[in-house]
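Chemist: According to the working numbering, the residues represented by the sequence shown are 1 to 249, in order. Shown below is the structure under consideration.
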Amino acid sequence: MKIDWWTLGLQTANVLVLIWILSRFLFRPVAAMIEERRALATKSLDDAKADRAAAEAERHKAEEATAGLAQARVAALKSAAEEAEAEKQGILASARAEAERLRKAAEADIARARQDDAAAIEGRASTLALDIADKLLSRLPEEARVAGFIDGLVEALAALPAPVRASLGTGGAALPIRSARMPTQSEAKLCTERLSQALGRPLELAWTADPALIAGLELDLPHASVRNSLRADLDRVAAALATSGGPTP
């Protein structure tokens, strides 16, 4: 095979010219276009990254704001619950105090009513006892109202402390004595003798009638009282009833 060097040279020159033309008018513009597109794509990516970062920051801010709102809501609910509980406890305490006050007032009213009832019962009982005693004594001999109580009076006088007994009737002073009625001469003599024996020395008595005694005798001494009468017995019964709160219904 024969090679035509001239033709080969022309063809080579044509190729070189074509390459130069392509590089000048095709490859460079295309490369510039590609570079421009690449730069634009890079810028778009950077912008997207920036937007994404901004969006992420906004999201974090929104999450923090949401968390803050949630915490504030929880704190507000807790505060409201505590205030409600405190108010509830205050209301309950007030209700308990009012209930306690009402209970005490009711107990006081009941106690007063019981005392009033006891006093009324005691008064009626005393009145009834006086009536019964008066009716019973009306059936007894009259001397029973005085003579029958002398021994008891003597025993009560003997039970006084020795210094008190030693001070009675000194200097010839008469002892004041009350009886349900004025005694007869024999009753007065017997009583004087028995009391003198109990003290171991003569006595003088100053008699006074006191129908309130119903029956019996009472000595009114400077520092003591010697009682042996139906009135004294009834007073002791009434005092016992008052101490025990009266009869149980």
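Each residue gets a CB set at the ideal place from its N, CA and C atoms; glycine is no exception. The structure displayed is predicted, hence computed values, not measured ones.
Classify PRO183: buried if its beta carbon has 16 or more other beta carbons within 10 angstroms, exposed otherwise.
Modeler: As a position in the sequence shown, residue 183 is number 183, starting the count at 1. The residue is buried, with at least 16 neighbouring Cβ atoms inside 10 Å.
Chemist: Exposed or buried, GLU63, counting other C-beta atoms within 10 Å across all chains shown (16 or more means buried)?
Modeler: As a position in the sequence shown, residue 63 is number 63, starting the count at 1. Looking at its Cβ environment, which holds fewer than 16 other Cβ atoms inside 10 Å, GLU63 is exposed.
Chemist: Which word fits THR208, buried or exposed, when buried means at least 16 other C-beta atoms lie within 10 angstroms of its C-beta?
Modeler: Position 208 of the sequence shown, counted from the first residue, corresponds to residue 208. Result: exposed.
Chemist: Assuming the contact rule is C-beta atoms closer than 8 Å, ALA180 and GLY216 should be a hit. Round their C-beta distance to whole Å, please.
Modeler: As a working note, residue 180 is residue 180 in the sequence shown. As a working note, residue 216 is residue 216 in the sequence shown. With a Cβ gap of about 6 Å, ALA180 and GLY216 count as contacting.
Chemist: Can you give the Cα-Cα distance for GLY9 and PHE25, rounded to whole angstroms?
Modeler: On the sequence shown, position 9 is the one that residue 9 refers to. On the sequence shown, position 25 is the one that residue 25 refers to. Straight-line Cα distance between these residues: approximately 24 Å.
Chemist: Considering only the beta carbon of each residue, do LEU206 and LEU234 sit closer than 8 Å?
Modeler: If you number the sequence shown from 1, residue 206 lands on position 206. If you number the sequence shown from 1, residue 234 lands on position 234. Note that residue 206 is Ala in the sequence shown here, rather than Leu. Contact: no.
Chemist: Report the option in LYS189, SER225, ILE110 and PRO211 whose CA atom is closest to the CA atom of ALA159.
Modeler: Along the sequence shown, one-based indexing puts residue 159 at 159. Among LYS189, SER225, ILE110 and PRO211, the Cα nearest to that of ALA159 is on SER225.
Chemist: If you reduce the DSSP assignment to three classes, tell me which class THR248 lands in.
Modeler: Numbered from its first residue, the sequence shown carries residue 248 at position 248. Annotation note: pLDDT 44 at THR248 (below 50); position unreliable, no value reported.
Chemist: Since SER186 is in the alpha helix (DSSP H), which residue starts that stretch and which ends it?
Modeler: To locate residue 186, count along the sequence shown from 1; it is residue 186. Counting along the chain, the alpha helix (DSSP H) containing SER186 begins and ends at 185-199.
Chemist: By the DSSP assignment, the beta strand (DSSP E) with PRO163 in it spans what residues?
Modeler: As a first step, residue 163 must be located in the sequence shown, where it is residue number 163. Segment 162-167 is the alpha helix (DSSP H) holding PRO163; no beta strand (DSSP E) there.
Chemist: Am I right that LEU213 and LEU230 are in contact with their C-beta atoms under 8 Å? What's the rounded C-beta distance?
Modeler: Residue numbering aside, residue 213 sits at position 213 when the sequence shown is read from its first letter. Residue numbering aside, residue 230 sits at position 230 when the sequence shown is read from its first letter. Confirmed, Cβ separation roughly 7 Å.
Chemist: Among GLY148, ALA119, GLY200 and PHE149, which has the Cα closest to the Cα of ALA238?
Modeler: Working through the sequence shown from its first residue, we reach residue 238 at position 238. Nearest C-alpha to ALA238: ALA119.
Chemist: For LEU168 versus LEU199, is the C-beta distance shorter than 8 Å?
Modeler: By 1-based counting over the sequence shown, the position of residue 168 is 168. By 1-based counting over the sequence shown, the position of residue 199 is 199. Contact: yes.
Chemist: Going by alpha carbons, who is nearest to GLU193 out of VAL154, ALA65, LYS78 and GLU36?
Modeler: Along the sequence shown, one-based indexing puts residue 193 at 193. The residue with the shortest Cα to Cα distance from GLU193 is VAL154.
Chemist: When DSSP builds the beta bridges, which residues end up paired with ALA309?
Modeler: Nothing about residue 309 can be read from this structure; the chain reaches only from 1 to 249.
Chemist: Classify GLU204: buried if its beta carbon has 16 or more other beta carbons within 10 angstroms, exposed otherwise.
Modeler: For the purposes of this step, residue 204 is taken as the residue at position 204 of the sequence shown. Flag for GLU204 reads exposed.
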